[in-house]
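Everything on this sheet refers to the single structure shown next.
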Amino acid sequence: MRRPEYSLFRQLINLLGWRTRRKIVVIESDDWGSIRMPSNQVRNELIAGGVLSKAAISHYSLNDSLESNQDLQSLFQVLESCRDSNGRHPMFTALCIVANPDFDRIESTNYTEYHYEPFTTTLDRYTEHDQVYQLWKEGYEKQLFIPQFHGREHLNVTAWMHALQSGHPKTLAAFRKGFTSFGAVECGESNIHYQAAFDIYEPIEISYLKTVLIEGTALFEQLMGYKASYFVPTNGPFSLDLEPTLKHAGISYYTLNKLQKEPLGYGKYRTHIRWLGKKNAHGQVNLSRNAFFEPSVIGKNWVDSCILDIERAFKWHKPATISTHRVNYIGLLNPENRSNGLKQLKALLDAVISRWPNVEFMSSPELGEIILSDSQTR
Ligand SMILES: [Zn+2]
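Each residue of the sequence shown is one higher than the one before, starting from 1 at the first, in our numbering.
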């Protein structure tokens, strides 16, 4: 059940910032390009080895894996089957990870050095992934799948390397299976969640994160042939000291949480309130998510609840920005997860188009551009 105060908070946040009478729907999807659970066999071994708990297993550990040819082809089919009032298809703004750890090279240095590989190299190790990179580019050309920047890797390199060098048993056992995403904080092997690439424990780590952003955005441009203009940091924590680096790398728009936790070091955080259209000192515009669609999490009618989120956004004259993670559309580990996610996505898109015939689908950078030019002409 939705907590009343949470619902009230979301309504209040919806009141702040940029408004429009247009019925704009943006779909944002995180995590494309990153490794997660390599196979069902690895998951079973991690459970048997005590790294993961079978009773408390997450929907990510059950269903999320590097996207396959079929995952992308099936997703594109659903998107291509719908059109908005301008004749455009709905599109995913895909928040992408461009690299993954190079486990072999790290091990060959006895965990003294960190190395990463472009995600295109990771694809070579998987059996059903030889067209994925091409599909990213095709999706962009057809304006169905718009890659933008989520991070270099979906991993806090400093925290993870520190745990490996300290010989923490679960981190090492997971490493040997090519896996990084477990509750290392909960089991006392790390102060920082491994998935939160931009969180810090010591302020000195900021300078390494600048390198991560510079190399990550450069690799993105090399892979896609254009610069990323939109950024959503993995898992939320993000230091404002990194904003100039982002700006220099070409990022004009970003989404930080409505109650953004800025890490200051040693477990301290400063909270910033953010809303749609809020500009920082460098002229970068904050975008905002106000609708949620995660059908991989069972036990909720996600189509109805997302329609309600969109209705509320439109009521306050806001664009609706839907958050929907990659995990919902992945079938490598569990084909039923993909068919369920796509079936519900199709139902959601059909319902949106029939309920709001003048709906306009667009990407996050397009929305950012509209807000920016609006603020400049006022
Ligand atoms: Zn993510």
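Ideal Cβ positions, reconstructed from N, Cα and C, are used throughout, including at glycine.
Item to complete: Mind listing, in chain order, the continuous alpha helix (DSSP H) runs of no fewer than 4 residues lying wholly within the segment 124–202?
Response: 132–141, 157–165 and 169–176
Worksheet item: DSSP on Thr122, reduced to helix/strand/coil?
Response: helix
Worksheet item: Per DSSP, what kind of secondary structure is Pro4 in: helix, strand or coil?
Response: Residue placement at Pro4 is poorly supported in this model, since its pLDDT is 48, which falls under 50; the coordinates still yield a value, given next. It is helical.
Fill in: Leu287 to Arg19 span [Cα, whole Å]
12 angstroms
Discussion item. Starting from Cys96, trace the beta strand (DSSP E) in both directions and tell me its first and last residue.
Written reply: Where Cys96 is concerned, the enclosing beta strand (DSSP E) stretches over Phe92 to Ile97.
Worksheet entry | Given 8 angstroms, three or more beta-carbon pairs between the segment 185–195 and the segment 153–169 | yes
Discussion item. Suppose only complete runs of 4+ residues qualify. What are the alpha helix (DSSP H) ranges in the segment 241–323, listed by chain order?
Written reply: 243–248 and 302–315
Worksheet item: Hey, which unbroken runs of the alpha helix (DSSP H) at 4 residues or more fall wholly within the segment 53–81?
Response: Fully enclosed alpha helix (DSSP H) runs of 4 or longer: 59–63 and 69–80.
Practice prompt. Check whether the segment 42–61 touches the segment 166–181, counting contact only when three or more Cβ pairs, one atom from each stretch, lie closer than 8 angstroms.
Written response: Touching, yes, given that three or more Cβ pairs across the two stretches are closer than 8 angstroms.
Practice prompt. Tell me whether Asp104 sits in a helix, a strand or coil according to DSSP, three-state version.
Written response: helix
Discussion item. With the cut-off set at 8 angstroms, would you say Asn235 and Val132 are in Cβ contact?
Written reply: Not closer than 8 angstroms, so no.
Fill in: Euclidean distance between Cα positions of Glu113 and Asp102
11 angstroms
Fill in: Inter-residue CB distance, Glu311 and Trp302 (contact presumed, cutoff 8 angstroms)
15 angstroms between Cβ atoms; not a contact.
Practice prompt. Would you mind giving the Cβ-Cβ distance between Arg274 and Asn290, rounded to the nearest angstrom? I have them listed as a contact below 8 angstroms.
Written response: Going by Cβ atoms, the distance from Arg274 to Asn290 rounds to 12 angstroms, so no, they are not a contact pair.
Discussion item. Starting from Ile214, trace the alpha helix (DSSP H) in both directions and tell me its first and last residue.
Written reply: Ile206 to Met224
Worksheet item: Counting by C-beta, which residues lie closer than 6 angstroms to a heavy atom of ligand 1, in chain order?
Response: Asp30, Asp31, His150, His154 and Thr234
Discussion item. In whole angstroms, give me the CA-to-CA distance for Pro90 and Glu80.
Written reply: 8 angstroms
Worksheet item: Ordered along the chain, which non-local residues of its own chain (more than five positions away) have a Cβ less than 8 angstroms from that of Thr120?
Response: Counting only Cβ-Cβ distances below 8 angstroms, and skipping sequence neighbours, we find Tyr133 and Leu223.
Item to complete: Evaluate contact between the segment 349–360 and the segment 261–281, counting only Cβ atoms and requiring at least three cross-stretch pairs below 8 angstroms.
Response: no
Item to complete: Work out the CA separation of Asp30 and Lys343 for me, nearest whole Å.
Response: 19 angstroms
Worksheet item: Could you check where the alpha helix (DSSP H) with Glu366 kicks off and where it finishes?
Response: Ser364 to Thr377
Worksheet entry | Terminal residues of the alpha helix (DSSP H) in which Asp84 lies | Element bounds for Asp84: n/a, residue is neither H nor E.
Worksheet item: Under 8 angstroms, do Ile330 and Asn63 count as touching if we go by C-beta distance?
Response: yes
Practice prompt. Figure out for me which residue from Gly265, Glu28, Arg83 and Ile24 has the closest Cα to the Cα of Asp350.
Written response: Arg83
Practice prompt. Would you give the residue range spanned by the beta strand (DSSP E) that Ile27 belongs to?
Written response: Ile24 to Trp32
Worksheet item: Taking the C-alpha atoms as reference points, what is the distance between Glu202 and Ile251?
Response: Going by the C-alpha atoms only, they are around 25 angstroms apart.
Practice prompt. Drop a sphere of 10 angstroms on the beta-carbon of Glu67, count the other beta-carbons inside from all chains shown, and report buried for 16 or more, exposed for fewer.
Written response: buried
Worksheet entry | Simplified DSSP state of Glu113, which is helix, strand or coil | coil
Practice prompt. Could you tell me whether the Cβ atoms of Thr245 and Leu213 are closer together than 8 angstroms?
Written response: yes
Item to complete: Give me the Cβ distance between Leu372 and Glu128, rounded to the nearest whole Å; I'm assuming they're in contact under 8 angstroms.
Response: Not confirmed; about 40 angstroms, so no contact.
Worksheet entry | For Pro319, the nearest candidate out of Leu135, Ile27, Thr377 and Ser339 (CA to CA) | The candidate whose alpha carbon is nearest that of Pro319 is Ile27.
Worksheet entry | Three-way DSSP call (helix, strand, coil) for Phe238 in this model | In the three-state reduction of the DSSP assignment, Phe238 falls in the coil class, being assigned neither a helical nor a strand state.
Worksheet item: Is it right to say Arg3 is buried, meaning 16 or more other beta carbons lie within 10 angstroms of its own, or is it exposed?
Response: Bear in mind that a pLDDT of 49 at Arg3, under 50, signals an unreliable position, so the model cannot answer this.
Discussion item. Quick check: the Cα distance between Pro147 and Ser363, rounded to an integer number of angstroms?
Written reply: Taken atom to atom, the span from the alpha-carbon of Pro147 to that of Ser363 is near 10 angstroms.
Practice prompt. Sort Pro237, Gln260 and Gln195 by Cα distance to Ile35 and report the nearest one.
Written response: Gln195
Discussion item. Looking at the secondary structure, which residues open and close the alpha helix (DSSP H) in which Gly341 lies?
Written reply: That run of the alpha helix (DSSP H) goes Pro335 to Arg355.
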